[in-house]
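Reviewing the structure listed below.
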Amino acid sequence: MQTALFLSQLLNGLLDGFYYLLIALGLSLIFSLGGILNLAHGAFFAVGAYMAVVLTPYVGFFGAVLIGPVIVAGMGAVTERLLFTKFYRIDPLYSLLLTFGLAMVLEQSMRWIFGAAPLAYNIPDILRGQVFFGEFIYSRYRIFTIAVAVVVVAALWVLLNRTAFGRIVKAGIQNPDILGTLGISLRPYLSAVAAIGIGLAGLAGILMAPIQPVHPAMGGSVLVAAFVVVVIGGLGSFWGVVWAAMLVGLVKGLMGALDLTAWSLASIYLLMFLVLLVRPRGLMGERILRFE
Amino acid sequence: MTFTRKMNRRSILRSGGALAMGALAAPSILRAQDGPIVLGHLTPRTGFLGPLGDYAVRGVDLAVEHINADGGIMGRDLQVLKEDSVNPQTASTKAERMIERDKVAAITGEISSSSTLAIGQVAERTGTVFFNTGGNSDTLRGADCKRHMFHVETQNAMYLNGEGFHFLNAGLVKGKKWYLPTADYAFGHDLLEGAKAFLKRNGGEVVGDDLVSTDATDFSAIMLKIRSAKPDVVALNLAGTQITGFLKQYGEFGLDFPIGGFGFDTQSAWAAGPQNFSGTWPSVWNHRIDNDESKAFTKAFTDKYGLPPENQAWSDYTALNIMAKAMTDIGGTDSKALIEYLEGGAKFDLMKNRQGYFNPSNHQLLQEVYAITALPESEVENEWDIFTTSGSVIGPDEPLEVLIKDAVGGTCSFDA
Chain A
3 MQTALFLSQL LNGLLDGFYY LLIALGLSLI FSLGGILNLA HGAFFAVGAY MAVVLTPYVG
63 FFGAVLIGPV IVAGMGAVTE RLLFTKFYRI DPLYSLLLTF GLAMVLEQSM RWIFGAAPLA
123 YNIPDILRGQ VFFGEFIYSR YRIFTIAVAV VVVAALWVLL NRTAFGRIVK AGIQNPDILG
183 TLGISLRPYL SAVAAIGIGL AGLAGILMAP IQPVHPAMGG SVLVAAFVVV VIGGLGSFWG
243 VVWAAMLVGL VKGLMGALDL TAWSLASIYL LMFLVLLVRP RGLMGERILR FE
Chain B
39 MTFTRKMNRR SILRSGGALA MGALAAPSIL RAQDGPIVLG HLTPRTGFLG PLGDYAVRGV
99 DLAVEHINAD GGIMGRDLQV LKEDSVNPQT ASTKAERMIE RDKVAAITGE ISSSSTLAIG
159 QVAERTGTVF FNTGGNSDTL RGADCKRHMF HVETQNAMYL NGEGFHFLNA GLVKGKKWYL
219 PTADYAFGHD LLEGAKAFLK RNGGEVVGDD LVSTDATDFS AIMLKIRSAK PDVVALNLAG
279 TQITGFLKQY GEFGLDFPIG GFGFDTQSAW AAGPQNFSGT WPSVWNHRID NDESKAFTKA
339 FTDKYGLPPE NQAWSDYTAL NIMAKAMTDI GGTDSKALIE YLEGGAKFDL MKNRQGYFNP
399 SNHQLLQEVY AITALPESEV ENEWDIFTTS GSVIGPDEPL EVLIKDAVGG TCSFDA
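Taken in order, these protein sequences are the chains called A and B.
So in the working numbering, spot 110 of the first sequence is number 112, and the numbers just go up one at a time.
So in the working numbering, spot 65 of the second sequence is number 103, and the numbers just go up one at a time.
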């Protein structure tokens, strides 16, 4: 086994972690604040991808990257207003049913509008090509997606930790009742968080559209992966999701490095299993009072 | 007195029995003569094979339209109940329901080899004929064969041989290194086994055979390995949307080793787009085949749906036409009679140069196959015509059986 290839696989896995981060953050946010298990997360990912296909002829790829997530976030806000509000204070199981149904409706709508056949969509010319660091090769397009992910995650961190908005959201995650006694209504924050979370899913979909087949069911594997990352990282923790995403990417990369690609997906489920056995709240999860 | 009473009782019983039988039989006799012929169709509409299922259903609808416009089957309307087979367990349940509750005369369809086996088992148990229109695994024609299951779709060996002949002629087999990314399920495993055997027979070397889970969407790890292994040929044993994803990422990483595959559907190429589609691939039928029947079918399909048919649509369309002809020729829908007829070498028009017939020892429809080659991006005029097709990969004088030579998957025996 060549060292260069081994290291390449590990590095590739680590970089893959940014993909997992992008898809998991939105899911984590919505669950942490509202207690909603958004099983429609993968479906919004797919909506984002289709948004890319639809918008690009009009505003170009970069325009789609800017506008698409905003549109999907808008859909998220509407979803929150119309559907999520009734489910915040009750057993998370109900939100599972709700969002599962929503996922199916979204997927079938896309199938109805666009057909089940995948749509062709390409990397924009300006981002085609590869970069070489010695023996290591990586695609320019993926570097672009990582750059976008880093910017977005940094912006989110600033929002959550350096603004009044963030202070209230974090308080709402830890103990919403106290907020109520302080006279702060969480409702607009819940809408905002849902919009951001779902907008993030949409952004991930737009970024993945050039390198994955764009079809109505494309959200399925994304949803499972996002859940795994959120569970490993723990609820209510921003950095938990970040570290979990990197860890998941690394483990997957390790499978590639060890020539065990058949185990790539199984390995991350095994990882989740291990984490749940040893530390059920996740690596950095907060103990959320109402679930204990 | 006793004698008369006995006679009366017996004759009453007898006539009562006859009447009862008549009452039971009469509705079905009446139905048999006037009612529609109902067939069942199962195909995956969701999951990684969903896009192909879409084409399958379109093929079915067009066939029903054409067959009924032509007077139906033996003057009776053809009706097809269609369902999403989803996965092997659901396929099995739905097949049972179609047979037991809806009383379908036969079943056609399926694309996943695993679900095909599940339906085949139900068909065998219930004595219903099943035409497999999409499951390619050799094992279905070998160790898992069933007396009631017939295969309109080519088996892996036919694609292997077809594609193999192409690479042999291009000098890319003997002494050359091959990389074989493989889908981790029945279809993929079969293809891999067949590919390895083919390479062994012809002096080729396997330098990689990674298994990928069927819901994997990221192939970057394999791209890195391929680049490191520097093979002479990359041959995919993947299916459905995975072929598209792989081709997109193959282009993304700038790999340009000659590429092809032993499993293929035209739809995968269209989804990858002219920028990413490259290589030479096997094809049971494609819309660029140059003969009158194919052109007419393509035109009818395009007129109805606004896009050209791909091979899955052809397969389901053709299967229904074969079923219609078979039922007409035997004058009924009885399974035993159908099996005997199909095993007896009946010939069918397949929109190809030569007619096809079922191989009696494994129920595979023997037919010509083609090879399609991707056009360079600069020569592409529209989103559909992104490749050229060869003529039949075997000469007009070669027996069709040569295409199923060296199939893996065990031997077929129809007893029990």
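Every residue, glycine too, gets a C-beta built ideally from N, C-alpha and C.
Counted within 10 angstroms of its Cβ, other Cβ atoms place residue i as buried (16 or more) or exposed
i, result
"asparagine 329 of chain B", "exposed"
"proline 282 of chain A", "exposed"
"serine 141 of chain A", "buried"
"lysine 132 of chain B", "buried"
"asparagine 124 of chain A", "buried"
"tryptophan 352 of chain B", "buried"
"serine 111 of chain A", "exposed"
"glycine 433 of chain B", "exposed"
"asparagine 174 of chain B", "buried"
"arginine 113 of chain A", "buried"
"leucine 84 of chain A", "exposed"
"arginine 163 of chain B", "exposed"
"tryptophan 245 of chain A", "buried"
"leucine 279 of chain A", "exposed"
"serine 451 of chain B", "exposed"
"asparagine 207 of chain B", "exposed"
"aspartate 387 of chain B", "exposed"
Reference residue i, options the options, closest by Cα
i, options, result
"methionine 389 of chain B", "B:Glu406, B:Gly209, B:Gly382", "B:Glu406"
"valine 382 of chain B", "B:Asn391, B:Ser399, B:Gly370", "A quick correction: the sequence has glycine, not valine, at residue 382 of chain B. Checking every option, the nearest Cα to that of glycine 382 of chain B belongs to B:Ser399."
"alanine 197 of chain A", "A:Leu29, A:Val216, A:Val231", "A:Leu29"
"asparagine 324 of chain B", "B:Ser306, B:Asn314, B:Asp253", "B:Ser306"
"serine 416 of chain B", "B:Gly78, B:Glu439, B:Val190, B:Pro312", "B:Pro312"
"leucine 161 of chain A", "A:Tyr191, A:Gly255, A:Val233", "A:Tyr191"
"aspartate 479 of chain B", "B:Lys263, B:Tyr355, B:Val102", "Here chain B covers residues 39 to 454 and nothing more, so residue 479 of chain B does not appear."
"valine 167 of chain B", "B:Tyr379, B:Asp176, B:Asn125", "B:Tyr379"
"glycine 429 of chain B", "B:Lys443, B:Ala409, B:Asp444, B:Asp92", "B:Ala409"
Contact list for residue i against chain A, beta-carbon separation under 8 Å
i, result
"arginine 96 of chain B", "Chain A residues near arginine 96 of chain B: none, gap ~10 Å exceeds 8 Å."
"serine 251 of chain B", "Ala264, Ser266, Leu267, Ala268"
"aspartate 222 of chain B", "Ala264"
"glutamate 421 of chain B", "Ala122"
"aspartate 453 of chain B", "By Cβ distance, chain A contributes nothing, its closest Cβ being about 36 Å from aspartate 453 of chain B, past 8 Å."
Distance cut-off 7 Å: residue i Cβ against heavy atoms of the ligand HEM
i, result
"threonine 279 of chain B", "Only the bare structure without any ligand can be found here, which leaves the ligand HEM out of the picture."
Under 7 Å by beta carbon: chain A residues contacting residue i
i, result
"leucine 100 of chain B", "Correct list: empty, because the minimum Cβ distance to chain A is about 16 Å."
"glutamine 305 of chain B", "Ala119"
"glutamine 313 of chain B", "Asn124"
"threonine 84 of chain B", "Ala219"
Residues that residue i contacts on chain B, provided the C-beta gap is smaller than 7 Å
i, result
"proline 120 of chain A", "Pro89, Thr279, Thr282, Ala309"
"isoleucine 125 of chain A", "Glu290"
"glycine 62 of chain A", "In chain order: nothing, as chain B lies at least about 16 Å away."
Proximal chain A residues relative to residue i, where beta-carbon distance stays under 9 Å
i, result
"serine 266 of chain B", "Gln4, Ala6, Leu7, Ser10, Glu137"
"threonine 81 of chain B", "The contacting residues do not exist; threonine 81 of chain B stays about 11 Å from chain A at best."
"phenylalanine 295 of chain B", "Neighbours of phenylalanine 295 of chain B on chain A: none; closest Cβ ~14 Å, over 9 Å."
"aspartate 92 of chain B", "Arg113, Gly117, Ala118, Ala119"
Beta-carbon proximity of residue i to residue j, cut-off 8 Å
i, j, result
"isoleucine 200 of chain A", "threonine 81 of chain A", "yes"
"serine 266 of chain B", "glutamine 4 of chain A", "yes"
"asparagine 314 of chain B", "glycine 299 of chain B", "no"
"threonine 146 of chain B", "leucine 358 of chain B", "yes"
"alanine 247 of chain A", "valine 233 of chain A", "no"
"valine 134 of chain B", "asparagine 170 of chain B", "Contrary to the premise, residue 134 of chain B reads as glutamate rather than valine in this sequence. Cβ distance not < 8 Å, so glutamate 134 of chain B and asparagine 170 of chain B don't count as in contact."
"glutamate 290 of chain B", "isoleucine 213 of chain A", "yes"
Residues that DSSP places opposite residue i in a beta bridge
i, result
"glutamine 132 of chain A", "A:Ser141"
"phenylalanine 396 of chain B", "B:Leu403"
"histidine 217 of chain A", "Histidine 217 of chain A is not bridged to any residue."
"arginine 114 of chain B", "B:Ile111"
"alanine 409 of chain B", "B:Pro320"
"leucine 121 of chain A", "A:Val216"
"isoleucine 476 of chain B", "Outside the displayed span of chain B (39 to 454) sits residue 476 of chain B, for which this structure offers no information."
"threonine 146 of chain B", "B:His79, B:Phe169"
"leucine 119 of chain B", "B:Gly78"
"alanine 221 of chain B", "B:Val250"
Residue i: contacting residues in chain B (beta-carbon distance under 8 Å)
i, result
"serine 223 of chain A", "Asp253, Ala254, Thr255"
"histidine 217 of chain A", "Gly88, Pro89, Thr279, Ala309"
"asparagine 14 of chain A", "Ser258, Ala259, Leu262"
"tyrosine 143 of chain A", "Glu290"
"glycine 131 of chain A", "Gly292"
Interface residues of chain D facing residue i [CB-CB closer than 7 Å]
i, result
"isoleucine 213 of chain A", "Absent here is chain D; the protein component of the structure consists of chains A and B."
Interface partners of residue i on chain B, CB under 9 Å
i, result
"aspartate 18 of chain A", "Asp256, Ser258, Ala259"
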